[in-house]
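**Q** So the protein sequences, as listed, match chains A and B. Heads up: the first sequence runs through residues 1 to 379, numbered per the numbering used here. Heads up: the second sequence runs through residues 1001 to 1281, numbered per the numbering used here. Let me begin by handing over the structure; questions about it come next.
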Amino acid sequence: MQLDLPSNRAEAWRWSDLSALPALAGEPKFAGTYPDFHQLPWLGDAPEGPRLVFVDGTLDADRSNPGPIRFGPVEARAEDHPLARLAGQQGWSLRLGPDHAPTGPVQIVHISTGAADHLPAEIALDTDAQASIVETYIGSGWTNRLTAIRLAKSARLMLSRRLIGDSGFVSLTDRAELGQAASLISVTLAAGGTDTRLDGRIDLQGEEGFAEAGGTLLARGRQRHDANLVLRHSAAHGMSRQVWRSVADDKATCSVAARVEVARAAQKTDGEQSLRGLLLQRSATINAKPELEIFADDVKCAHGATVGEIDRNALFYLASRGVPVEEAKALLTQAFVADAIDRIGEEAVREAFHADAMAWFGFPLPLGEEGARREAVGR
Amino acid sequence: MLQINNLHAEVDGKQILNGLSLEVKAGEVHAIMGPNGAGKSTLGYVLGGRPGYEVTKGSVLFRPNTVRAELVEALPSSSNTEEGKDSPSTSSGRTDGWVDLLDLDPDERAAAGLFLGFQYPVEIPGVSNVQFLRTALNAQRRARGEAEISAGDFLRLSREQAGGLGLDMEMLKRPVNVGFSGGEKKRNEMVQMGILDPTFAVLDETDSGLDIDALRVVGEGINRIMRRPDKAVLLITHYQRLLDIVQPDVVHVLAAGRIVKTGGPELALELEREGYGAIAA
Ligand SMILES: Nc1ncnc2c1ncn2[C@@H]1O[C@H](COP(=O)(O)OP(=O)(O)O)[C@@H](O)[C@H]1O
Ligand SMILES: [Mg+2]
């Protein structure tokens, strides 16, 4: 396949490193076996709901229970995006009629056995419909996705993604349009060994829309995570929140560029951005680029971007009470990212994401168990 | 239990401790008094192993499993067989239970039984007191080869200790010291001490910022937790008021990085009357 990839000279791509993609795309597919259905990272105690397994972008029908999800042509276009435009036209779709909601969260596991795979998706919720979708990415190749999201009046979508593959590259592009009083909460956790490129464009087209888009990026070695988000307020009385927490160790790089656009008509917009980074070593890099572009005059937009290091006083305080330094760092780092993960509404999903973050820190058994962690945030 | 010998230490290349020597035996409470800037907190940090506090000379030996035989009736059963010499034998060094404290990392010192009560307790947003303490207690237990405490037992223990210091259990569910008043932070230090149950405590101005009632609660807490024949305390304070409640066996005056005078409880009264100037001169 001939890849036409953007160069770092393009502003939107300056922090990305796509150099591994041609080689990944040229790799042969893996021909061995992959984990059994029950060994896949399903949520521990979530209510039963639809479950889908994609292997290299192809539905594994035997191991899936798609419920209301269909396969075939989807309406998802991103011709202007050099990666997303490769996604193709055949994919999965969740289209819910008015007032509909699947029982339990939709769980989708994407397994990449190597090489490259592309898949588009469409999520279209009619008036008052609601859904929660949890996507888990594992494996080692290049996984490329385009997801089109359309929420009608008062529809609600919770989209939680965790990227916990061993190696390779994951690129996710979202294009979302929200109708009146619709609500989208999107939380992404990168806690594996893959490099990532996340792109999102969310347009609050109806009045009183609500969008939250954020996540936690954890990187070590020479890993690179790169998130790029545009949240556009096109109508009045909208509210948006972008909470990103980046943690970089060794020579890794985490970059977040988050923009809020407020159109002239979008009076009374309430927007907030919080981009925070934690450097575990000075050899690591964290880029944070908050941007505001406001054409309405009666709006409230706040943004903050900080990059810091582990608090040495807190580290010694913990050590003086008997906590070894690596465990103390994990505890403080977990506390640092907790805000972003806590945006997830459902407890089973939230706790699974916290556990993945803890596993990344090297303490797979949560420090003092989950109950103690929950008490930390006063739940 | 603790032997400090000719300790020299510097911070940022600045010499702060200048040949400090001190011996604390099991069952004793020693008070350290002295003017601001004398090096009292530095001594606490050096004992705790704070990074940046460089020992340039001298030694600190610690023997956690020590019991004062003559105080032993006060001890609840079993441990009175664990009786040992309360001074290190000259050459054999650590073979009889003495450890070189300066050789241990801060967390290992804690696991060995040392507790440092901070003059300025640290705030840790996002980590609850409960999580903090349970992580700490279990880390210490693991280091000592003991089983971890169960959630239920831990809750019981923390409720008991919080109650003993008049701290609402709800506060323990909040992030460590965040939004706590000065007095609440100091009570919290004592709750931590009660839960971790150390052998040796260095308490750095635990009485500052406390009103009279809180001072009594904290003082009685120190007595309850630490006044035992197999434990000892180094109490850094400016005020006689705390020493009326936690009565010291020995009082030292620390000035310009060394002990300039040592005496009995009457020395504290003398200092209160006459100030440091006259005594330390
Ligand atoms: N981090 C530091 N860097 C440089 N000097 C310090 C530092 N901490 C303390 N000092 C100095 O060390 C001396 C002793 O301080 P400290 O131990 O806090 O005294 P005390 O507790 O007796 O009031 C003071 O002169 C103080 O300014
Ligand atoms: Mg001091």
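Beta carbons: idealized from backbone N, C-alpha and C, even for Gly. These figures come from a predicted structure and were not determined experimentally.
If you measure from each CB to the nearest heavy atom of ligand 1 and keep those under 5 Å, what residues do you get, in chain order?
**A** Each of V1011/B, D1012/B, I1016/B, N1036/B, G1037/B, A1038/B, G1039/B, K1040/B, S1041/B and T1042/B has a C-beta closer than 5 Å to some heavy atom of ligand 1; these make up the full list, in chain order.
**Q** Under 7 Å between beta-carbons, which chain A residues line up against Q1140/B? List them in chain order, please.
**A** For the purposes of this step, residue 1140/B is taken as residue 140 along the second sequence, with counting starting at 1. Simply G322.
**Q** Given a cut-off of 8 Å on the beta-carbon distance, is the pair H1008/B and L1017/B in contact?
**A** For the purposes of this step, residue 1008/B is taken as residue 8 along the second sequence, with counting starting at 1. For the purposes of this step, residue 1017/B is taken as residue 17 along the second sequence, with counting starting at 1. Yes, the Cβ-Cβ distance between H1008/B and L1017/B is below 8 Å.
**Q** Using a Cβ-Cβ cut-off of 7 Å (strictly less than) and excluding sequence neighbours within five positions of A101/A, which residues of its own chain qualify?
**A** Taking the first sequence and counting its residues from 1, the one referred to as residue 101/A is at position 101. Contacts found: A129, Q130 and A131.
**Q** What's the call for E326/A, buried or exposed, on a 16-neighbour Cβ count within 10 Å?
**A** Taking the first residue of the first sequence as position 1, residue 326/A is located at position 326. That one is exposed.
**Q** Examine chain A for any beta-carbon lying closer than 8 Å to the beta-carbon of G1126/B, and answer yes or no.
**A** In the second sequence, residue 1126/B corresponds to position 126, counting from 1. Cβ-Cβ to chain A under 8 Å: yes for G1126/B.
**Q** I need the straight-line Cα distance from Y1276/B to Y1239/B, nearest angstrom please.
**A** Residue numbering aside, residue 1276/B sits at position 276 when the second sequence is read from its first letter. Residue numbering aside, residue 1239/B sits at position 239 when the second sequence is read from its first letter. Distance between the alpha carbons of Y1276/B and Y1239/B: 12 Å.
**Q** Can you tell me whether F54/A is buried or exposed, with buried defined as 16 or more other CB within 10 angstroms of its CB?
**A** Here residue 54/A corresponds to residue number 54 of the first sequence, with the count starting at 1. So F54/A ends up on the buried side.
**Q** Looking at C-beta atoms only, is the number of pairs between the segment 1143-1152 of chain B and the segment 1181-1197 of chain B that lie closer than 8 Å three or more?
**A** Flag = no, the segment 1143-1152 of chain B and the segment 1181-1197 of chain B do not touch.
**Q** If we ignore side chains and look at the alpha-carbon of each, how far apart do D1204/B and S246/A end up?
**A** Residue 1204/B sits at position 204 when you count from the first residue of the second sequence. Residue 246/A sits at position 246 when you count from the first residue of the first sequence. Going from the Cα of D1204/B to the Cα of S246/A covers about 37 Å.
**Q** Excluding the five sequence neighbours on either side, which residues of its own chain have a C-beta within less than 7 Å of the C-beta of R1174/B, listed in chain order?
**A** For the purposes of this step, residue 1174/B is taken as the residue at position 174 of the second sequence. The answer, listed in chain order, is S1128 and N1129.
**Q** Residues of chain A with a CB under 7 Å from the CB of Q1192/B: which are they?
**A** Locating residue 1192/B in the second sequence gives position 192, where the first residue counts as 1. Result: R321.
**Q** Within 10 angstroms of its Cβ, does D1100/B collect 16 or more other Cβ (buried), or is it exposed?
**A** Walking along the second sequence from the start, residue 1100/B turns up at place 100. Around the beta-carbon of D1100/B, fewer than 16 other beta-carbon atoms lie within 10 Å, marking it exposed.
**Q** On the premise that D117/A lies in contact with D56/A, defined as a C-beta separation below 8 Å, what is that separation, rounded to the nearest angstrom?
**A** Mapped onto the first sequence, residue 56/A falls at position 56. Mapped onto the first sequence, residue 117/A falls at position 117. With a beta-carbon spacing of about 4 Å, D56/A and D117/A fall inside the 8 Å limit used to define contacts.
**Q** Using a Cβ-Cβ cutoff of 8 Å, what residues of the segment 1248-1268 of chain B are near chain A? List them in chain order.
**A** none
**Q** Run through DSSP, which three-state label would L1196/B get?
**A** Reading the second sequence from its first residue, position 196 is the one you call residue 1196/B. If DSSP states are grouped into helix, strand and coil, L1196/B belongs with the helices.
**Q** Compare the C-beta of E370/A with all C-beta atoms of chain B and state if any pair is closer than 8 Å.
**A** On the first sequence, residue 370/A is found 370 positions in, with the first residue counted as 1. Only weak support is given to the placement of E370/A: the predicted model assigns it a pLDDT of 46, under 50, and the question is left unresolved by the model.
**Q** Return the bridge partner residues of V1233/B from the DSSP annotation.
**A** The residue given as residue 1233/B occupies position 233 in the second sequence. V1233/B is bridged to V1029/B and A1201/B.
**Q** Measuring alpha carbon to alpha carbon, tell me which residue in G193/A, L146/A, E208/A and D195/A is nearest L172/A.
**A** As a first step, residue 172/A must be located in the first sequence, where it is residue number 172. Measuring from the Cα of L172/A, the nearest candidate turns out to be L146/A.
**Q** Keeping to the same chain, check which residues put their C-beta closer than 6 Å to that of M1190/B; ignore five residues upstream and five downstream.
**A** Within the second sequence, residue 1190/B is the residue found at index 190, counting from 1. Cβ within range, chain order: L1165, V1218 and G1221.
**Q** For F336/A, return the contacting residues in chain B, with the cut-off set at a CB-CB distance below 8 Å.
**A** Walking along the first sequence from the start, residue 336/A turns up at place 336. Going along chain B in sequence order, the residues near F336/A (Cβ under 8 Å) are G1126.
**Q** Can we count D1204/B as close to ligand 4, meaning its CB is less than 7 Å from some heavy atom?
**A** In the structure shown, ligand 4 is absent; the only ligands present are ligand 1 and ligand 2.
**Q** Identify whether Q89/A lies in helix, strand or coil by the three-state DSSP scheme.
**A** Taking the first sequence and counting its residues from 1, one reaches residue 89/A at position 89. Coil.
**Q** Going along chain A in order, which residues have a C-beta closer than 9 Å to the C-beta of D1107/B?
**A** Residue 1107/B sits at position 107 when you count from the first residue of the second sequence. Neighbours of D1107/B on chain A, chain order: L318, A319, S320, R321, G322, V323, P324, V325, E327 and A328.
**Q** Mind pulling the chain A residues with CB within less than 7 Å of R1050/B?
**A** If you number the second sequence from 1, residue 1050/B lands on position 50. Chain A residues near R1050/B: F316.
**Q** Sort out for me which residues DSSP pairs F210/A with in a bridge.
**A** Here residue 210/A is taken as the residue at index 210 of the first sequence, counted from 1. In the DSSP output, where bridge partners are listed per residue, F210/A has S183/A and M239/A.
**Q** Please list, in chain order, all residues of the same chain as T103/A whose beta carbon is under 6 Å from its beta carbon, the five residues on each side excluded.
**A** Taking the first sequence and counting its residues from 1, the one referred to as residue 103/A is at position 103. Excluding sequence neighbours, T103/A sits near G49.
**Q** Would you mind telling me which residues of chain A sit closer than 8 Å to L1196/B, beta carbon to beta carbon, in chain order?
**A** As a position in the second sequence, residue 1196/B is number 196, starting the count at 1. Here the neighbours are R321 and G322.
**Q** Cβ of N65/A less than 8 Å from any chain B Cβ?
**A** To locate residue 65/A, count along the first sequence from 1; it is residue 65. No - not a single Cβ of chain B is within 8 Å of the one on N65/A.
**Q** Beta-carbon within less than 6 Å of E1023/B's beta-carbon, same chain only, minus the 5 sequence neighbours each way: which residues are those?
**A** Position 23 of the second sequence holds residue 1023/B. Cβ neighbours of E1023/B beyond the five flanking positions: Q1003.
**Q** Can you list, in chain order, the residues of its chain with a C-beta nearer than 6 Å to that of H429/A? Leave out the 5 residues immediately preceding and following it.
**A** With chain A covering 1 to 379 only, the question about residue 429/A has no answer from this structure.
**Q** How about S112/A and G88/A: are their beta carbons less than 8 Å apart?
**A** Here residue 112/A corresponds to residue number 112 of the first sequence, with the count starting at 1. Here residue 88/A corresponds to residue number 88 of the first sequence, with the count starting at 1. No.
**Q** Just mark T188/A as buried or exposed, buried being the case when its beta carbon has 16 or more other beta carbons within 10 Å.
**A** As a position in the first sequence, residue 188/A is number 188, starting the count at 1. The residue in question, T188/A, is buried, as its Cβ has 16 or more Cβ neighbours within 10 Å.
**Q** Does the CB of N228/A have a neighbour CB from chain B at under 8 Å?
**A** Residue 228/A sits at position 228 when you count from the first residue of the first sequence. By this cut-off, N228/A is not an interface position.
**Q** By DSSP, does Y34/A sit in helix, in strand, or in coil?
**A** The residue given as residue 34/A occupies position 34 in the first sequence. It is coil, neither helix nor strand.
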